[in-house]
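Enquirer: The following block contains the structure, expressed as structure tokens.
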Amino acid sequence: MTKERPCHLSSRTSTVRRGSGDQSSKMFIWTSGRSTTSYRHDERRNIYQKIRDHDLLDKRKTVTALKAGEDRAILLGLTMMVCSIMMYFLLGITLLRSYMQSVWTEETQCTLLNISITETFNCSFSCGPECSKNSQYPCLQVYVNVSSSGQKYLLYHTEETIKINSECSYIPKCGKNFEESLSLVNVVMENFKKYQHFTCFCDPEGIQKNVLLTKLYSSNVLFHSLFWPTCMMIGGLVIVAMVKLTQYLSLLCERIQRINR
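If you're matching positions, the sequence shown starts at 1 in the UniProt record's numbering and goes up one per residue.
Now the structure itself:
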């Protein structure tokens, strides 16, 4: 009996040792499986964080690019409006002022009565930097009968003709060759003789005792001169308005997304 106890104890000890070994192996497997799962979970979180950071970086780059583009668009619109205001100012003190001061506003029919070259006048022309020479030009006088009043008036080419020389109806460009100026005046004379009835402009109040063949500052010229600055002004306003509307809609969409979250 005493000899069998050691065998029984040794078997129990081996069983205990074996059980403790199995338990430690099970603990190792469980802990190793847990650490593997935690590692995978951390790895997934890191990948998700990287993707999120990359998306945020792309979004910031996109927002920065859009902001720069919006700033350039607003600057373009403001520049267009400033340029149109400057053009309005320049046209207002030149073209519009001359148009308002013009008294030849009534359009009527003129009939040729008499046309002739009366005399020659001296003039000067430019021959280079700080150089001018004297020459002459022939003076053409044209008298017409105005159908609206039935009176005889001296016809002028434009308003500038009256300012240069009030005795001549047409003044050619001053040049060094008098024969060329004379031939040009003869061509104008032949055209008047060919077309003896034409449209002219007179003073409806009768203060100016002369008529004009062509108005430099007519309503048609004024319209075309103010049309393009107006288009530029409208274009600048539309650009600025569209950018501001886009920014407002973007902020409104972002607020809606925050509320939905």
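Each residue gets a CB set at the ideal place from its N, CA and C atoms; glycine is no exception.
Which first and last residues belong to the alpha helix (DSSP H) in which Thr158 is found?
Expert: No alpha helix (DSSP H) contains Thr158, which DSSP labels as neither H nor E.
Enquirer: What is the DSSP secondary structure of Lys176, reduced to helix, strand or coil?
Expert: coil
Enquirer: Can you check which of these residues, Ser166, Lys215 and Asn186, is closest to Lys209 by C-alpha distance?
Expert: Looking from the CA of Lys209, the closest CA among Ser166, Lys215 and Asn186 belongs to Ser166.
Enquirer: Could you pull the start and end residues of the beta strand (DSSP E) that Pro204 belongs to?
Expert: Looking at the DSSP string, Pro204 is not in any beta strand (DSSP E), and its letter there is neither H nor E.
Enquirer: In angstroms, rounded to a whole number, what distance separates the CA positions of His54 and Ser84?
Expert: For His54, the pLDDT reaches just 49, beneath the cut-off of 50, and the residue's location in the model is therefore unreliable, although a value from the coordinates is still provided. Roughly 45 Å between the two C-alpha positions.
Enquirer: With C-beta atoms as the reference, is Ser169 less than 9 Å away from Leu182?
Expert: no
Enquirer: According to the Cβ coordinates, are Leu113 and Tyr143 closer than 9 Å?
Expert: yes
Enquirer: Around the Cβ of Phe201, are there at least 16 other Cβ atoms within 10 angstroms (buried) or fewer (exposed)?
Expert: buried
Enquirer: Specify the secondary structure class of Leu245 as computed by DSSP and reduced to three states.
Expert: helix
Enquirer: Between which two residues does the alpha helix (DSSP H) carrying Ser98 extend?
Expert: Leu95 to Gln101
Enquirer: In the structure shown, what three-state DSSP assignment does Thr214 receive?
Expert: coil
Enquirer: Within 10 angstroms of the Cβ of Ser32, are there 16 or more other Cβ atoms? Answer buried if so, exposed if not.
Expert: Note that Ser32 scores 48 on pLDDT, short of 50, meaning its location in the model is unreliable and no value can be drawn from it.
Enquirer: How many Å lie between Thr246 and Met80 at the Cα?
Expert: For Thr246 and Met80, the distance between alpha carbons rounds to 20 Å.
Enquirer: Just to confirm the assignment: which complete beta strand (DSSP E) runs, minimum length 3, are found wholly within the region 100 to 138?
Expert: 106 to 128
Enquirer: Are Glu106 and Asp203 close, meaning C-beta to C-beta below 9 Å?
Expert: Result yes, Cβ atoms of Glu106 and Asp203 sit closer than 9 Å.
Enquirer: For Trp104, does the count of other Cβ atoms within 10 angstroms reach 16, so buried, or fall short, so exposed?
Expert: buried
Enquirer: Which residue's Cα is closest to the Cα of Leu76: Gly236, Leu212 and Arg97?
Expert: Gly236
Enquirer: Which value, in whole angstroms, describes the spacing of the CA atoms of Arg255 and Trp228?
Expert: 41 Å
Enquirer: Taking Leu222 as the reference, give the member of Met86, Met100, Cys139 and Leu78 with the closest Cα.
Expert: Cα-wise, what sits closest to Leu222 is Met100.
Enquirer: Spatial neighbours of Ile207 within its chain, please: C-beta separation below 7 Å, excluding the five flanking residues on both sides.
Expert: Non-local beta-carbon contacts of Ile207 in its own chain, meaning distances under 7 Å to residues more than five positions away in sequence, involve Val103 in chain order.
Enquirer: Does Cys200 come out as helix, strand or coil in the three-state DSSP assignment?
Expert: strand
Enquirer: Straight-line CA distance for Thr161 to Leu96?
Expert: Rounded to the nearest whole angstrom, the CA to CA distance from Thr161 to Leu96 is 19 Å.
Enquirer: So, is Phe28 buried or exposed, given that buried needs 16 or more other C-beta atoms within 10 angstroms?
Expert: Summary for Phe28: the model assigns pLDDT 43, below 50, so the residue's position carries little reliability; its value from the coordinates is reported in the next sentence. Counting Cβ neighbours within 10 Å, Phe28 comes out exposed, since fewer than 16 surround it.
Enquirer: Looking at Thr120 and Gln141, is the spacing between their C-beta atoms short of 9 Å?
Expert: For the pair Gln141 and Thr120, the CB atoms are not nearer than the 9 Å cut-off.
Enquirer: Give a yes or no on whether the C-beta atoms belonging to Ala73 and Val188 are separated by under 9 Å.
Expert: no
Enquirer: Opposite Lys193 in the DSSP bridges: which residues?
Expert: DSSP, once it has assigned bridges, lists no residue as partnering Lys193.
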